[in-house]
Each structure stands twice: as C-alpha cells, then as structure tokens.
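Its first residue numbered 7, the sequence shown is counted upward by one per residue in our numbering.
Glycine is no exception: its CB is placed at the ideal position from the N, C-alpha and C atoms.
A short worksheet on the structure shown next.
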Amino acid sequence: MTSYGDAMTVPDGTARDSRSRQTEELRSLLTEIWRDALGAASIGLDDHFFDLGGNSITNVIIGGRARDLGVPMTTRLLFDNPTIRMLSTALLEANPGLSVGAWAAGSTVPLSPFQRGFLERRSGPHMIELRAVRRLEPDLLQAALAAVSERHESLRLRVVRGPAGWIQTVAEPDGSSTFAHHDLRGSAARASGGSVRRLRESLAESLDITSGPTLVAALLDTDEAGHLLVAAHPLVADRHALELLIDEISLAYEQLEDGVGLTLPQPAAPFSRWSTHLNDWLGSDEAGRELSHWLGLPRADGEPWGTSPSSSADPQPEAHLTARADLSEERTSALLDTLAGQPLIDVLDVLLAGVAGAAGTWTGGSRALVDLECDGRRGSAADHDFSATAGACTTLFPFVADLSGADSPAEQVWAVRAARRAVPQGGAGYGALRWLSLDPAVREQLAAEPAAEICVRFRSTPPSLFDEVTTEESPDRHVLTVTGRIDSGHLRVSVSGRCDSAAGELVGELADAIVARIGQAVDELERGAAHTYTPDDFPLSGLGPEQLTKLLSGLTTDEDTTQR
Numbered sequence: 007m008t009s010y011g012d013a014m015t016v017p018d019g020t021a022r023d024s025r026s027r028q029t030e031e032l033r034s035l036l037t038e039i040w041r042d043a044l045g046a047a048s049i050g051l052d053d054h055f056f057d058l059g060g061n062s063i064t065n066v067i068i069g070g071r072a073r074d075l076g077v078p079m080t081t082r083l084l085f086d087n088p089t090i091r092m093l094s095t096a097l098l099e100a101n102p103g104l105s106v107g108a109w110a111a112g113s114t115v116p117l118s119p120f121q122r123g124f125l126e127r128r129s130g131p132h133m134i135e136l137r138a139v140r141r142l143e144p145d146l147l148q149a150a151l152a153a154v155s156e157r158h159e160s161l162r163l164r165v166v167r168g169p170a171g172w173i174q175t176v177a178e179p180d181g182s183s184t185f186a187h188h189d190l191r192g193s194a195a196r197a198s199g200g201s202v203r204r205l206r207e208s209l210a211e212s213l214d215i216t217s218g219p220t221l222v223a224a225l226l227d228t229d230e231a232g233h234l235l236v237a238a239h240p241l242v243a244d245r246h247a248l249e250l251l252i253d254e255i256s257l258a259y260e261q262l263e264d265g266v267g268l269t270l271p272q273p274a275a276p277f278s279r280w281s282t283h284l285n286d287w288l289g290s291d292e293a294g295r296e297l298s299h300w301l302g303l304p305r306a307d308g309e310p311w312g313t314s315p316s317s318s319a320d321p322q323p324e325a326h327l328t329a330r331a332d333l334s335e336e337r338t339s340a341l342l343d344t345l346a347g348q349p350l351i352d353v354l355d356v357l358l359a360g361v362a363g364a365a366g367t368w369t370g371g372s373r374a375l376v377d378l379e380c381d382g383r384r385g386s387a388a389d390h391d392f393s394a395t396a397g398a399c400t401t402l403f404p405f406v407a408d409l410s411g412a413d414s415p416a417e418q419v420w421a422v423r424a425a426r427r428a429v430p431q432g433g434a435g436y437g438a439l440r441w442l443s444l445d446p447a448v449r450e451q452l453a454a455e456p457a458a459e460i461c462v463r464f465r466s467t468p469p470s471l472f473d474e475v476t477t478e479e480s481p482d483r484h485v486l487t488v489t490g491r492i493d494s495g496h497l498r499v500s501v502s503g504r505c506d507s508a509a510g511e512l513v514g515e516l517a518d519a520i521v522a523r524i525g526q527a528v529d530e531l532e533r534g535a536a537h538t539y540t541p542d543d544f545p546l547s548g549l550g551p552e553q554l555t556k557l558l559s560g561l562t563t564d565e566d567t568t569q570r
C-alpha cells in the first residue's frame, strides 16, 4: 500500500506526465476535503477559502483530515495559500515526492494488539469525568470537541465481523462525535437523583464501533462546578489516547475562548501507520530474537494473592474494591525535584519499586511479577513519531521486579530501573507477538506463561482547564490494579481489585504500604543514596566497565568545584 508522502521514482520520459497526475490527484483530494469541511456543493480551483465560509475551526479540520491522509499541511500554509490551486502548488513545491494512495476512506487497517486482545476479552468503554476550574461555555466546548474529533483518523475507525474474521476500515468524516449539555443547577439538581448515573449509562450505550459515534461527551452544569464526561470506545482510543484527546479539547477551548484562532499541535503519524508498522515488524528477525526475552523471564516467588495467608479462610464472592493513598504535597515536590536531578530514573520506577516491595510483605517473595501497562506509541519505531497518535496503542506486558539483593528502598528503585531498561521496545513487541503472530505456536507459548495477578500503570496530569479527574474503568482479570498519578500536587496511588469482600482491608493496607515505601525511597534518594553505575546505565555510550570507572573517577562533585 502506498502512503501519501512516500517518494515516487519515475523514468525521465514520463516525469512530466507523472507531475501532471500528481497535481490533479492532490487537487482532487484537497477539493474533496474542503467540500466536506465547508459544506460546499462545488469548489473551483481559484475559489477563496474565506469567501467559502472558512474560518479558524474549518482550517484545523481541513488540516487534520489532510495530515491523517499523509499530506503535511499546516494552518499557516492554508492561510497563506487560500485557494486549491495555490495550496496544491505550495504543497508540491515543499514536498516534490508527495503522492496519493494511503488509508483513504474504506481502506482496511490491521488490528493492533490491544484491539485484538479486547475482541477476545471484552470490557466496557473508557470514561473520564473532569471537574472544571470555572464555568464552561457549551458552544465553545462543542466546537473544540468537533475540531479535535476531525483531526484523528482513529475516531473514524469502524470494525465489523466478516466471514474471515474481524475487519477494520476507515470511514469518511461525518462529524459523528456527540456532545450534550445538561443544566443540573437549582431545582433541576435537587430533582436529578440518579440522572448522572443514567447519563453515564446513556453515553456508554451510544458508542457504536460499526457506524459511530466512537467518541461522546456531555457537559453537566451543577451549582458547585461544571463536570465534563468523555467516553470513547476502547477500539478507537485507549486510556492514554483519551487523555491526549482531553488535552487537545482543553487547549482548543482556551484558544477559542481567547479568540486567537486554533493552533493545535500538528498530529503525528496516523494510527493506521502505527498498527501497520507493528504488524510488519512480526516478520522481522528482531521479532524472533525478542520472543526469547519474553519466554526467558525469571519466575516470581512468594505466595499467589489468591491463596495469600492474609486471605480469608472463608472466601466471599468477588467484589470490585478500591482504595487510595496520597504522598504528601511536600514529599511529592521532593520526589519530582530529586528525579529532575537524576534523569536515569522516573516516577514509574519509584512506583514499581513501591508496589513490588509492599507486595512482598504479603506474599513473602522478593521477585514480583506484574503486568505493566504503558504507552505503546513510544519506542516502537525509530523512523516515525507516534507520540501523539490517538488510537488503541496501549501495551500490556509481563515485568518482573527482582528486589533480591536490593536491601534499601532506593536500591530497589535502581533495581527496577535496570529491569525496565532491559525491556525491548518499551514492551510494544510483546502484544504483537502474543495477539498478532501468524505462528499459532508463538501465541500459545506466550499464553501458557504464568499470568500476573497485579497490573501497574501510571497516568498523566490533568490539563489546566480541570482540577480533578476520575477515570471509570472496567474491572479486568487482575486480582489487583495499581494506578499512580500526579494530581493537585500529590502523587496519588489507588489500588482496586477483584477480591473477596473479606479481604477489603487488604486493598487499603496495600495502598498505604506502597505510599509509605515510596516516601522512604524519596528520603534516601533526596539524601543522595549511593548508586554504583554500570555500563547498563548508559546503553548508548558503548563503554565497558573499566572505561566507565575511569570516566567517573575523573568527575568532580559540585562541592569539590566550589572548594576549588
């Protein structure tokens, strides 16, 4: 399949004909995009964008649609070249190899690992509730939602089951995102009762992966503050993508409110390119080498959570339980300041070490097996930027935090960091091998590996327009799920799980224990707890142990420099 932007080489004798076709195809594509965005029956090559009713919002919509199809167009380029003739000329001058032929509407898109896993193990929609810091204008919010929805190809994905299995295609832009405004102030609020719950259910039920919409939102005006509910179908937006969309909606709203025109970040490569890249990777030699990593993970030790000594001898029916513990604002600030001066470790390392250490208190083991949920957009391809790609790109992979020999909380953080560094591609390849491999034996081997009972994930900070975020997530197969987030100046750790009701106190105790161990690690790291660096800490340097020792021995501390 040829993509927009792929270079095309033609014989010299046909170069002129090729350029003519190239121009005609690009103009035809641009005309179709303009017609859909502007609602115009016909558009001539020299019709002016603003004379056709164009504005900042339609500029963003046109640019997003073009970039989804591989045409590198910016809002500034359209403002400077406001006709189809001028715009096509400018694009071809800047991109001589621009060609037509990628994921147009109706094209088939391969499933991602997350999508395949979802279709085999169904779960509910992803929903986020945000509390606004001030009263929001419904019209501006609806315009921001529409502008963001048109930018992302993933929100136009449609999935149906055919005779040969699941088929995923890209639909035409149809504005199928849905927005509703509900005024629950005053008497309406007092009479609302279970209206919010019913609204949540209504939003979830309105999602339709076969014909749309796949993204829905509702603004609830209450006496205290406005609340925004946003729900997305799991096949088009994972939790990371939904947070990315919220960030863009927040930014678009503030720009519309200020009247400065929409200048949203240029979208990265579309989801279809990410999914295709991952499916193509399965045929590489690297995929075969990576399989040995996943099959060679060390085994966890200690008692399973289902038969932990702290479990009740008289098990009760399973329940979904949640507890939260917060690191103080002062210690959270100390954590972030310490990590800013120690770029080799991050908050997820500290969270994982806290989880593994606390879990060992109950299981009696020093090696904890967890499923680590991360953003699969990062590290999956060196030649593409997928960091801002919306879609079902989550990667969930097994991770063993081996704390044996790491006696202090700070040493355990460094042990976790070393283990994370050894994970190939940030874990993105595991899902491809587990769910998409064409070799049934590979899928069966990975499925037969020990299953983690704990899932760990870290969430991003809410955008500035909102001061509180609640993520509604369906319980999964894990016994416990640990989620960390920096929110309102605190590191918040929540623990939820499918536990018997008699073990309810364990969830709260575990959350408290994780935060306590994180606090201890912060204290040690802040004091500059010693760490012996190895070549693994600098994987791109190519240094051996002796070279690294010699290099580090020649470095001076700030105190040494000050004394000199």
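Residues near residue i in its chain [Cβ-Cβ closer than 8 angstroms; skip 5 each side]
i	result
Ala421	Ala359, Ala407, Asp408, Leu409, Gly411, Ala412
Ser26	none
Arg164	Gln174, Thr175, Val176, Ala177, Ile215, Thr216, Ser217, Gly218
Leu5	No statement about residue 5 is possible, as the shown extent of the chain runs from 7 to 570 and does not include it.
Thr20	Confidence at Thr20 is low in this model, with a pLDDT of 41, below 50, so the placement of that residue is unreliable and no value is reported for it.
Same chain only: Cβ atoms within 7 angstroms of residue i, ignoring 5 sequence neighbours per side
i	result
Thr562	Reliability fails at Thr562, whose pLDDT of 48 lies under 50, so the model's placement of it is uncertain and the value that follows must be treated cautiously. Closer than 7 angstroms at the Cβ level, and outside the excluded window around Thr562, lies no residue.
Ile255	Ala150, Leu151, Val154
Ala282	Correcting the residue type first, residue 282 is Thr in the shown sequence and not Ala. The residues are Pro116.
Gln121	Leu241, Ala398
Thr114	Ile173, Gln174, Thr175
Glu156	Ile67, Gly70, Arg71, Pro179
Range of the contiguous beta strand (DSSP E) that encloses residue i
i	result
Thr184	184 to 189
Val488	486 to 493
Arg167	163 to 168
Closest residue to residue i among the options (Cα-Cα distance)
i	options	result
Asp189	Pro456, Val202, Trp40, Ala46	Val202
Ser290	Arg33, Ile39, Trp368, Ser443	Ser443
His132	Glu249, Trp287, Ala453	Glu249
Leu146	Pro78, Ala258, Glu211	Ala258
His239	Asn65, Ile134, Val77	Ile134
Arg423	His496, Ile524, Val356	Val356
Glu159	Gly171, Asp343, Ala396, Val419	Ala396
Leu35	Ser62, Gly59, Ala72, Ile67	Ala72
Leu439	Val222, Ser466, Ser298	Ser298
Gly265	Ser62, Ile520, Ser494	Ser62
Ser383	Arg137, Pro276, Arg157, Val521	Here residue 383 is Arg; the residue named in the question, Ser, does not match the sequence. When each option's Cα is compared against that of Arg383, the closest is Pro276.
Asn101	Gln28, Phe56, Gln148, Trp172	Gln28
Ala416	Gln526, Trp300, Trp287	Gln526
Trp300	Val448, Gly50, Asp332	Val448
Cys461	Arg295, Ala365, Gly371, Leu136	Ala365
Cys380	Leu333, Tyr436, Ala374, Pro78	Tyr436
Ile524	Glu459, Asp52, Arg498, Gly503	Arg498
Where residue i sits in the DSSP three-state scheme
i	result
Gln526	helix
Val376	strand
Asp320	Caution is warranted here: a pLDDT of 41 is assigned to Asp320, below 50, making its placement in the model unreliable, and the coordinate value is therefore given only provisionally. Asp320: coil per DSSP, three-state reduction.
Phe464	strand
Gly294	helix
Ile173	strand
Arg305	coil
His158	coil
Leu350	coil
Ser393	coil
Val381	For clarity, residue 381 is Asp in the given sequence; the question names Val instead. Three-state result, Asp381: strand.
Gly514	helix
Val77	coil
Arg71	helix
Arg533	coil
Same chain only: Cβ atoms within 6 angstroms of residue i, ignoring 5 sequence neighbours per side
i	result
Val528	Arg337, Ala340, Leu341
Leu557	none
Asn65	Thr81, Leu84
Gly514	Ala329
Leu58	Leu44, Ala46
Delimiting residues of the alpha helix (DSSP H) encompassing residue i
i	result
Gly360	353 to 369
Met92	90 to 100
Ala398	No alpha helix (DSSP H) holds Ala398; DSSP gives it neither H nor E.
Arg82	81 to 86
Any non-hydrogen atom of the ligand ADP within 6 angstroms of residue i CB
i	result
Arg191	Because no ligand of any kind appears in the structure shown, any question about the ligand ADP cannot be addressed here.
If we require 3 or more residues per run, which beta strand (DSSP E) segments fall completely within the stretch 400 to 458?
For secondary structure counted as the beta strand (DSSP E) over 3 or more consecutive residues, the stretch 400 to 458 holds these complete runs in sequence order: 400 to 408.
Which residue spans inside the stretch 113 to 149 form an unbroken beta strand (DSSP E) run of at least 3?
Entirely contained in the stretch 113 to 149, the beta strand (DSSP E) runs reaching 3 residues are, in chain order, 132 to 138.
Segments of 4+ residues assigned as alpha helix (DSSP H) that fall wholly inside the stretch 205 to 280
Whole alpha helix (DSSP H) segments, 4+ residues: 245 to 264.
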